[in-house]
Amino acid sequence: PIYFDNHATTQVDPRVVEAMLPTFTQTYGNPSSVGHLFGEEANQLVESSQQSIAAVIGAEASEIVFTSGATESNNLAIGGILSQRRRRGNHVVTVTTEHKAVLDPLEQWEHQGFEITRLSPRQAGQPLAGMLDAEQVREAIRPDTALVSVMLANNEIGVIHPVAEIGKICKEQGVLLHCDATQAVGNLPVDVERLGVDLMSFSAHKMYGPKGIGGLYVRKRHPRVRLQPAIFGGGQQRGIRSGTLNVPGIVGLAEAVRLSLAEMDRESQRLAELRQRLWSGLNERITGLQLNGPELAVAGARLAGNLNFAVEKVDGEALMMNVREIAVSSGSACTSANPQPSHVLRAIGLSEDLTRSSLRFGIGRFNTAEEVDIAVDVVSRAVDKLRKLIA
Ligand code: PMP
Numbered sequence: 012p013i014y015f016d017n018h019a020t021t022q023v024d025p026r027v028v029e030a031m032l033p034t035f036t037q038t039y040g041n042p043s044s045v046g047h048l049f050g051e052e053a054n055q056l057v058e059s060s061q062q063s064i065a066a067v068i069g070a071e072a073s074e075i076v077f078t079s080g081a082t083e084s085n086n087l088a089i090g091g092i093l094s095q096r097r098r099r100g101n102h103v104v105t106v107t108t109e110h111k112a113v114l115d116p117l118e119q120w121e122h123q124g125f126e127i128t129r130l131s132p133r134q135a136g137q138p139l140a141g142m143l144d145a146e147q148v149r150e151a152i153r154p155d156t157a158l159v160s161v162m163l164a165n166n167e168i169g170v171i172h173p174v175a176e177i178g179k180i181c182k183e184q185g186v187l188l189h190c191d192a193t194q195a196v197g198n199l200p201v202d203v204e205r206l207g208v209d210l211m212s213f214s215a216h217k218m219y220g221p222k223g224i225g226g227l228y229v230r231k232r233h234p235r236v237r238l239q240p241a242i243f244g245g246g247q248q249r250g251i252r253s254g255t256l257n258v259p260g261i262v263g264l265a266e267a268v269r270l271s272l273a274e275m276d277r278e279s280q281r282l283a284e285l286r287q288r289l290w291s292g293l294n295e296r297i298t299g300l301q302l303n304g305p306e307l308a309v310a311g312a313r314l315a316g317n318l319n320f321a322v323e324k325v326d327g328e329a330l331m332m333n334v335r336e337i338a339v340s341s342g343s344a345c346t347s348a349n350p351q352p353s354h355v356l357r358a359i360g361l362s363e364d365l366t367r368s369s370l371r372f373g374i375g376r377f378n379t380a381e382e383v384d385i386a387v388d389v390v391s392r393a394v395d396k397l398r399k400l401i402a
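According to the UniProt record's numbering, the sequence shown is numbered sequentially starting from 12.
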């Protein structure tokens, strides 16, 4: 099968593997072992990786905490703020279309007595479907709001929220802003100053790096950003996240970030062209396709490699079974053992049927125009076949 599921995860770029290899067999010291050369070497690798990642997102090296990925980063950011002395209050603002790695921790805090406002973005059928309006955040903030959490780019419909505007509002109101930038870092220019975020999550395996390593940006020069650790132990990473550092992962993350930035302009252009080829090709051969998320032509509204659409009048499960030659995601988010209809598509107003008969393409670095043409063919043939069956 041809891989088109790059929002779920990506192939590790061979150049990233190359950069990581020496850390397994040569520079394998524990970066905390400062008493000898092995430890010092490993520590230098960590520091230089931290510096290069920080430089790309406009941060300082000491503002990056390494984690096991974005799920942990989100949990750490949310829990680290909410578990502190509740000086300001017990209210949090977020969006219905956030990833479960934000929604589920917040639900846990809700059980602990926090009040969560979940804002609803623009509904399907509008040009900017799925996008939050920054003014909604302004209206939702109250004197007791402790945290706002809004993602930068959505993992299902690719919509890019106006986080820079939201950041300005949060700053004006003196509220901390966490941003899940997992799908954005590596695909878009991301700068913590321009965005005005205080905490920001990212993950290597979404940008052609290895799984099990990610980061959390934690703004330093802010009196209220003092995170309560979630993991205690040897006191690594200023005590925020103890545990021996994952040096291979950290080196891989830094190389993945570096490569993505170096190739970003050219690559996003290429991905947008491939996506256009896919969407035009599909529409030439299939009737009754509905684009999910913002219109493709609106500049800056959507990740370049993302396409998500519903196929009218086919059964979602049957559709998935008939497109096995390509690896795509269905509108049933397989976030757990039992596939549930995507909460994101439901939140922008799709019916359960249309949600189930939706397909998500994540076009990535290793996809080609030939592969896109095959995908058009596979999907068109599947839809034809299924519609003939019911006709
Ligand atoms: N947030 C978003 C927006 C994501 O797309 C993902 C991955 N599906 C995560 C968080 C979780 O990331 P990780 O797999 O690194 O824990």
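Ideal Cβ placement from N, Cα and C applies to all residues, glycine included.
- Annotation for residue 191: the continuous beta strand (DSSP E) segment containing it runs 187–191.
- If you look at residue 366, you'll find it in the alpha helix (DSSP H) that goes 363–367.
- The alpha-carbon separation between residue 272 and residue 218 amounts to approximately 10 Å.
- Residue pairing for residue 352: DSSP places it in a beta bridge opposite 343.
- Look at residue 122 here: in three-state DSSP terms it is helix.
- Taking C-beta atoms as the reference points, residue 252 and residue 241 count as a pair closer than 9 Å.
- Within the segment 225–305, the beta strand (DSSP E) runs of at least 3 residues that lie entirely inside it are, in chain order, 225–229, 300–302.
- Residue 70 and residue 203 have their alpha carbons spaced roughly 7 Å apart.
- In the DSSP annotation of this structure, the continuous segment of the alpha helix (DSSP H) that includes residue 54 starts and ends at 48–68.
- Here the segment 165–176 makes contact with the segment 313–333; the two share three or more CB pairs at distances below 8 Å.
- Each residue's CA atom was taken as its position, placing residue 108 and residue 64 some 27 Å apart.
- Secondary structure of residue 28 (DSSP, three-state): helix.
- Residue nearest to residue 255 within the set 130, 245, 262 is 245 (criterion: CA-CA distance).
- A Cβ-Cβ distance of about 16 Å is found for the pair residue 151 and residue 113, leaving them out of contact under the 8 Å criterion.
- At least one heavy atom of the ligand PMP sits closer than 8 Å to the Cβ of residue 113.
- The straight-line gap separating the alpha-carbon atoms of residue 56 and residue 121 is approximately 40 Å.
- Annotated three-state conformation of residue 162 is coil, per DSSP.
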